[in-house]
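S.K.: Position 175 (the sequence shown) corresponds to 288 in this note's numbering; numbering is contiguous.
The structure under discussion is supplied below as structure tokens; questions concerning it will follow.
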Amino acid sequence: MKKIFLLFVIISVLALSLGMAATYIVGTSADFPPFEYVQNGKYVGFDMELINAIANVEGFKVQIRDMSFDSLIPALKAGVIDIAIAGMTITNERQKIVDFSDPYWYANQDVIVKKDSNFNVTVLCGNHTIGVQTGTTGDLWVSDNLVKAGYLNKNNVKRYQSFIYSLQALLNGSVDANVLDSPVAERFAEMKPVKIVATLVTGESYGIAVRKGNSELLAKINDGLKKVKSSGEMTKLIDKYFGK
Ligand code: GLN
């Protein structure tokens, strides 16, 4: 009888602790294949599987919330989301507002144009129009290196809330080029009638962001990242989303 009681207690405690697993709200911007995108009404992609894998090994649950890329950091700050994973580059400016995990991916910026166009890298200067996603490192690069340097008129930079719109603008001729992260440009070049005409070596690292000072969650994420790497799960994800 005592044993049965003990078993009952153990099962109850287990059920309780499982049921009480923390749920973190994860913000993303699901317009960034192969990192995050919508397929059959579901959020899929490398980042989505990575954060789920980390949650699994660390024993927490996640709930995905899709928003524009430039809303992610304000949402973290305001406590609307707990984690942001969106191919987000670790920059000094962002590090003043949020904390980042160890890097999990590396990228440069690529310049893409329509496949049938004759544009080359000179599309970045003169009277051409460049589409970027608001608040991204591509946006910053164009502002800092083209507009401020006087190569491009500031009215010739067209900012879009989503890469989907930026890409659409390129395809329908509203802009001459897009500047965006190299892994995503490569994916678009496979999926859409666009081509890469230049790579801007920016040497960016992607990190998972949490609210500044949330060291408990950051430690779980970094520990989870290490475990996902050492178990070979990371390699499987890389093969799945980047394997040719
Ligand atoms: N890596 C770029 C940045 O952090 C773009 C990210 C994105 O658009 N999802 O600004």
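Virtual Cβ for every residue (Gly too), placed ideally from N, Cα, C.
Source: prediction; values computed, not measured.
Assign D212 to one of three DSSP states: helix, strand, or coil.
M.R.: For the purposes of this step, residue 212 is taken as the residue at position 99 of the sequence shown. Strand at D212.
S.K.: Less than 9 Å between the C-beta atoms of Y156 and T141, yes or no?
M.R.: Residue 156 sits at position 43 when you count from the first residue of the sequence shown. Residue 141 sits at position 28 when you count from the first residue of the sequence shown. Yes, Cβ-Cβ distance for Y156 and T141 is below 9 Å.
S.K.: Three-state secondary structure (DSSP) at N266?
M.R.: In the sequence shown, the residue the question calls residue 266 occupies position 153. Coil, per DSSP.
S.K.: Is it true that the CB of T202 sits closer than 9 Å to the CB of E317?
M.R.: Position 204 of the sequence shown, counted from the start, is the residue given in the question as residue 317. Position 89 of the sequence shown, counted from the start, is the residue given in the question as residue 202. In this structure, T202 lies closer than 9 Å to E317 by Cβ.
S.K.: Tell me the residue span of the beta strand (DSSP E) that contains D229.
M.R.: For the purposes of this step, residue 229 is identified with residue 116 of the sequence shown, where counting begins at 1. Here D229 belongs to no beta strand (DSSP E), and DSSP marks it neither H nor E.
S.K.: Would you say S142 touches the ligand GLN, meaning its beta carbon is less than 8 Å from a heavy atom?
M.R.: In the sequence shown, the residue the question calls residue 142 occupies position 29. Checking every heavy atom of the ligand GLN against the Cβ of S142, one is found closer than 8 Å.
S.K.: Using the Cα positions of F355 and A302, report the straight-line distance between them to the nearest angstrom.
M.R.: Taking the first residue of the sequence shown as 1, we reach residue 355 at position 242. Taking the first residue of the sequence shown as 1, we reach residue 302 at position 189. Their backbone Cα atoms lie some 14 Å apart in a straight line.
S.K.: Could you give the DSSP three-state label for K325: helix, strand or coil?
M.R.: By 1-based counting over the sequence shown, the position of residue 325 is 212. Looking at K325 - three-state DSSP - the assignment turns out to be coil, as it is neither helix nor strand.
S.K.: Using 8 Å as the cut-off, classify the Cβ of L293 as near or not near the heavy atoms of the ligand GLN, replying yes or no.
M.R.: As a first step, residue 293 must be located in the sequence shown, where it is residue number 180. Yes - the ligand GLN has a heavy atom lying nearer than 8 Å to the Cβ of L293.
S.K.: At a cut-off of 8 Å, is Q281 close to the ligand GLN when judged by its beta-carbon and the heavy atoms of the ligand?
M.R.: As a position in the sequence shown, residue 281 is number 168, starting the count at 1. No, Cβ of Q281 sits at least 8 Å from all heavy atoms of the ligand GLN.
S.K.: Using the Cα positions of N285 and T249, report the straight-line distance between them to the nearest angstrom.
M.R.: Reading the sequence shown from its first residue, position 172 is the one you call residue 285. Reading the sequence shown from its first residue, position 136 is the one you call residue 249. Each residue's Cα considered, the two are about 22 Å apart.
S.K.: Note down, in chain order, each residue of its chain lying with its Cβ closer than 6 Å to the Cβ of A311, except the 5 sequence neighbours on either side.
M.R.: By one-based count along the sequence shown, residue 311 stands at place 198. Contacts found: V224 and V234.
S.K.: Would V139 and I186 qualify as a contact pair, given that the criterion is a beta-carbon distance under 9 Å?
M.R.: Counted from its first residue, the sequence shown places residue 139 at position 26. Counted from its first residue, the sequence shown places residue 186 at position 73. Cβ atoms of V139 and I186: not closer than 9 Å.
S.K.: Here's the rule I'm using: 16 or more other beta-carbon atoms within 10 Å means buried, otherwise exposed. How should M347 be labelled?
M.R.: By one-based count along the sequence shown, residue 347 stands at place 234. So M347 counts as buried.
S.K.: Taking the C-alpha atoms as reference points, what is the distance between H241 and V270?
M.R.: The residue you call residue 241 lines up with position 128 of the sequence shown. The residue you call residue 270 lines up with position 157 of the sequence shown. The alpha-carbon atoms of H241 and V270 are separated by roughly 9 Å.
S.K.: By the 10 Å Cβ neighbour count, where 16 or more other Cβ atoms means buried, how is A191 classified, buried or exposed?
M.R.: On the sequence shown, position 78 is the one that residue 191 refers to. Flag for A191 reads exposed.
S.K.: Taking all protein chains shown into account, decide if Y319 is buried (16 or more other Cβ within 10 angstroms of its Cβ) or exposed.
M.R.: Working through the sequence shown from its first residue, we reach residue 319 at position 206. Y319 is buried by the Cβ-count criterion.
S.K.: Do you know how far the Cα of L189 is from the Cα of V211?
M.R.: As a position in the sequence shown, residue 211 is number 98, starting the count at 1. As a position in the sequence shown, residue 189 is number 76, starting the count at 1. Taking the straight line from one Cα to the other gives about 8 Å.
S.K.: Just curious, the alpha helix (DSSP H) that L163 is in, first and last residue?
M.R.: Indexing the sequence shown from 1 puts residue 163 at position 50. It spans F159 to E171 - the alpha helix (DSSP H) in which L163 sits, taken as one unbroken run.
S.K.: Less than 9 Å between the beta carbons of R207 and T247, yes or no?
M.R.: For the purposes of this step, residue 207 is taken as residue 94 along the sequence shown, with counting starting at 1. For the purposes of this step, residue 247 is taken as residue 134 along the sequence shown, with counting starting at 1. No, the Cβ-Cβ distance between R207 and T247 is not below 9 Å.
S.K.: Is it the case that the CB of A199 approaches a heavy atom of the ligand GLN more closely than 8 Å?
M.R.: Walking along the sequence shown from the start, residue 199 turns up at place 86. It does: the Cβ of A199 is within 8 Å (strictly closer) of some heavy atom of the ligand GLN.
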